[in-house]
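Chemist: The structure is given below, and queries will be raised subsequently.
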Amino acid sequence: MTDFAARLEKVARDPEVFKNFGRGVERETLRYKQGGKLATTSHPDGLGSAYSNKWITTDFAESLLEFITPVSHDIDTLLAQLEDIHHFTQTKLDGEKMWPLSMPCYVSDEDIINLAQYGESNSGKMKTLYREGLKRRYGSLMQIISGVHFNFSFPDSFWDTLYGEQDSSARQDTKSEAYFALIRNYYRFGWLIPFFFGASPALCSSFIKGRETNLPFENIGQTLFLPQATSLRLSDLGYTSSEQSTLKIGFNGIDEYLEGLNSAIRTPSEEFAKLGVKVDGEYHQLNSNVLQIENELYAPIRPKRVTENGEKPSEALTRGGVEYIEVRSLDVNPYSAIGIDEDQVRFLDLFLTWAALSDSEPMDFCEQACWRENWNKVVLEGRQVGLELQIGCKGETLSLQAWAKRVFAELMQVAEKMDQALGGEKYQAVCNKLISWIDNPELTLSGQVLADTKSHGGLGALGRTLGRQYIEQHLAHQYREYDEKTMEDEVARSSAAQRAQEQSDTLNFDDFLADYFSYLKQ
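To get the working numbering, take the position in the sequence shown, counting from 1, and add 391.
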């Protein structure tokens, strides 16, 4: 029996393990108006405060909605919560719709993208200033690409079956080590996610207006596409930073990761220094380092811990270790009204469990470069049958198809154990469905999107067609987990919370920022 099989056998002895995964979703979507054009209206008052509403906020721009579910242990509950949030939001949009694709709708000019506003408190103004820095560093168009983030944690019973009883200090270290082992395997094999679920093989030509690219785009009217691409959102055209490519952040343990992250937020950038920090009395960015704050680090997966009041993400990790991981490489699923579907959640359950139970050797920066190259190949040409991927830094290669089948031989073992514990055959069904896509990449989401883009005569027409379907679906939806009063109560609570924060501030903004970033001088 392999080490993987032995570990799987161990955790499967307790059926409660598979019933108590912690899952949460963060879904982004642009508000748009008639004709598929970006909405320029402010965040709707009926949704409460974007600063403090726990379910409905904004990301980079006023028009970029973000929906956040609480942690739940049941897939149907998770998806029902997301449906309820979409329904309530749609009732407050005054006819505007939610764009169903990752790549933005038509944007006539970057200047019409209004930065997200969070009120007059110091922390609210800092959130907007951070976005001002992103705008000046990378441009606004890149920042309004939408994605879906999947937050995941294993229950205590998972660690109990693997490691037995431990005191709190030992368990904290064990969990952190195990989550970083998972993260390394995610970097090695996570290209499976854009292969299956990448849904951005095409983009509106307005997205790259004025930008140079060497990619061999073909076109359908105003739509540009790469014939075998899976996720342009994850390519160099999307949410990436060349400044960050030189950062050395390792994943061999929490200490190495935090050392690299803390170095990055202290590393000056000559390029960003040219923008200035405060020019003629107006702030242009929070600071001129490679990362203004930790959240600016672009990564397909992040180790996370819920922060306490006023705590930075790295401080939370230092205090309590890794609590959960955030998967960040999912495109919006255009064929789901809520951007993600049950099959995707079940695949992530399988894949993340497999990644945690499989061997995971330390990863040096050479191997990091190899996985970056593999991911880049998959996002740009992943539907090319026989695409060769690297195995480490030794020059060996293996086709995507052969490698995917090796992984799925073990994923199916996980699926069988999960189905035994939960009843039914849903996990095995997901495995069998995706196995059929491996040799037939046109069945993948990106294959479907490109075929539908062509049949509709362009990406804008496809987006508008799906948007019309989904506005009807959202409005017709009946609450399953929440209700109208619960949602309205949160609107009122969030608005009151923002006002209370604004009234409690005692420092002026300059002093607030100086205090916040005092750690950079230590």
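Glycine included, C-beta positions come from ideal geometry on N, C-alpha and C.
1. Between the region 507-515 and the region 432-440, do three or more beta carbon pairs fall short of 8 Å?
2. How should residue 912 be labelled, buried or exposed, when 16 other C-beta atoms within 10 angstroms of its C-beta is the threshold for buried?
3. Assuming residue 675 and residue 501 make a contact with CB atoms under 8 Å, what is their CB distance in whole Å?
4. Note the first and the last residue of the continuous alpha helix (DSSP H) segment covering residue 858.
5. Helix, strand or coil, according to DSSP, for residue 718 in the structure here?
6. Verify whether the separation of the beta carbon atoms of residue 784 and residue 803 is less than 7 Å.
7. For residue 531, does the count of other Cβ atoms within 10 angstroms reach 16, so buried, or fall short, so exposed?
8. Report, in whole angstroms, the separation of the C-beta atoms of residue 564 and residue 712, which I expect to be a contact under 8 Å.
9. Residues in its own chain within less than 8 Å of residue 659 by CB, not counting five upstream and five downstream?
10. Considering only DSSP beta bridges, list what residue 615 is partnered with.
11. Just to confirm my understanding: we take residue 479, look at its own chain, exclude 5 residues before and 5 after, and list those with CB closer than 6 Å. What are they?
12. Straight-line CA distance for residue 387 to residue 566?
13. First and last residue of the alpha helix (DSSP H) that includes residue 570?
14. Let's test the definition: count the other Cβ atoms within 10 Å of the Cβ of residue 513 and tell me whether it reaches 16, buried, or not, exposed.
15. Would you tell me roughly how many angstroms separate the C-alpha atoms of residue 737 and residue 906, rounded to the nearest one?
16. How long is the line joining the alpha carbons of residue 578 and residue 707, rounded to whole angstroms?
17. Expressed to the nearest angstrom, what Euclidean distance is found between the alpha-carbon atoms of residue 609 and residue 891?
18. Using 10 angstroms around the beta-carbon of residue 655, count the other beta-carbons present and answer buried if the total reaches 16, otherwise exposed.
19. Are the beta-carbon atoms belonging to residue 590 and residue 495 less than 7 Å from one another?
20. Pick out whichever of 692, 709, 825 has its Cα sitting closest to the Cα of residue 560.
21. Helix, strand or coil for residue 448 per DSSP?
22. What's the C-alpha gap between residue 665 and residue 792?
23. Fully enclosed by the region 506-555, which beta strand (DSSP E) runs are 3 residues long or longer?
24. Taking the alpha carbon of residue 549 as the point to measure from, which residue in 853, 408, 498, 819 has its own alpha carbon closest?
25. If you drop the 5 nearest sequence neighbours on each side, which residues of the same chain put their C-beta closer than 6 Å to that of residue 695?
26. Which first and last residues belong to the alpha helix (DSSP H) in which residue 770 is found?
27. Counting along the chain, where does the beta strand (DSSP E) carrying residue 648 start and finish?
28. Below 8 Å on the Cβ atoms is my contact criterion, and I expect residue 418 with residue 454 to pass it. Report the Cβ-Cβ distance as a whole number of Å.
29. Suppose contacts are defined by Cβ-Cβ distances below 7 Å. Is residue 770 in contact with residue 622 by that definition?
30. Identify which residue in 684, 525, 619, 456 has its Cα closest to the Cα of residue 839.
31. Relative to the C-alpha of residue 398, which candidate in 759, 486, 826, 569 has its C-alpha closest?
32. What three-state label does DSSP hand residue 661 in the structure shown?
33. Could you spell out the range, first to last residue, of the beta strand (DSSP E) harbouring residue 458?
34. With residue 743 and residue 573 assumed to form a contact (beta carbons below 8 Å), what rounded beta-carbon distance in angstroms separates them?
35. Identify whether residue 398 lies in helix, strand or coil by the three-state DSSP scheme.
36. Can you tell me whether DSSP reads residue 440 as helix, strand or coil?
Modeler: To lay it out plainly:
1. yes
2. Burial call: exposed.
3. About 16 Å separates the two Cβ atoms, so there is no contact after all.
4. 850-867
5. Three-state DSSP puts residue 718 in a strand.
6. For the pair residue 784 and residue 803, the CB atoms are not nearer than the 7 Å cut-off.
7. buried
8. 7 Å
9. 679, 680, 681
10. 594, 610
11. These residues qualify, in order along the chain: 878.
12. Lying outside 392 to 913, the shown extent of the chain, residue 387 is not represented and no answer is given.
13. 559-580
14. A residue is called buried when at least 16 other Cβ atoms come within 10 angstroms of its Cβ; residue 513 meets this threshold and is buried.
15. 44 Å
16. 23 Å
17. In a straight line, the C-alpha of residue 609 is about 53 Å away from that of residue 891.
18. buried
19. no
20. 709
21. Per DSSP, reduced to three states, the secondary structure at residue 448 is strand.
22. 46 Å
23. 538-544
24. Closest option to residue 549, judged by alpha-carbon separation, among 853, 408, 498, 819: 408.
25. 715, 717
26. Bounds of the alpha helix (DSSP H) holding residue 770 are 756-772.
27. No beta strand (DSSP E) holds residue 648; the alpha helix (DSSP H) holding it covers 645-655.
28. Under the criterion of beta carbons closer than 8 Å, residue 418 and residue 454 do not qualify as touching, at roughly 15 Å.
29. yes
30. 619
31. 569
32. helix
33. 455-459
34. 6 Å
35. helix
36. Residue 440 falls in the coil class under three-state DSSP.
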